[in-house]
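Here the structure is laid out as structure tokens; the discussion comes afterwards.
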Amino acid sequence: MDSVVSLVLFFLAALFEIGGGYLVWLWLREKKGAVLGLLGGLTLAVYGIIPTFHPAHFGRVYAAYGGIFIVSSLIWGALIDKKNPDKYEIIGALIALAGVLIMFYIPR
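Here it is in structure tokens:
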């Protein structure tokens, strides 16, 4: 699988997971209504499908996705919650991203 397509799938999965989780958060924590909770659940179901398009085995895909999720969560927080990451969050995210590159993209 092309690395660009693979990264697009990882970031798309992150968008659906974080977005779905955020909708559930709004429903339960912010009392925004059950419709948002239902949409969040459906969005999370789509998230569960996206990683299946990777040819690698489950453990490797989800381990690598974890690093993408960390980076994506910080981006979401900055754009949606208006909470910019501090330098230690950025350093940690870069370390996680380095792990993704090592685990998923170094040829075996």
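All the letters of the sequence shown, read from the start, carry residue numbers 1 to 108 under full-length UniProt numbering. Cβ coordinates follow ideal geometry from the N, Cα and C atoms, glycine included.
- Item | Pairwise C-alpha distance: Gly20 and Leu39 | 7 Å
- Query: If we ignore side chains and look at the alpha-carbon of each, how far apart do Ala96 and Gly67 end up?
  - Reply: 5 Å
- Message: I'd like to know whether the C-beta atoms of Val71 and Ala93 end up nearer to each other than 7 Å.
- Response: yes
- What residues in its chain sit with their C-beta under 6 Å from that of Leu26, if we drop five residues either side in the sequence? Lys32, Leu36
- Around the Cβ of Val61, are there at least 16 other Cβ atoms within 10 angstroms (buried) or fewer (exposed)? buried
- Task: Decide if the segment 4 to 17 is in contact with the segment 47 to 62; the criterion is three or more beta carbon pairs, one per stretch, under 8 Å apart.
- Result: yes
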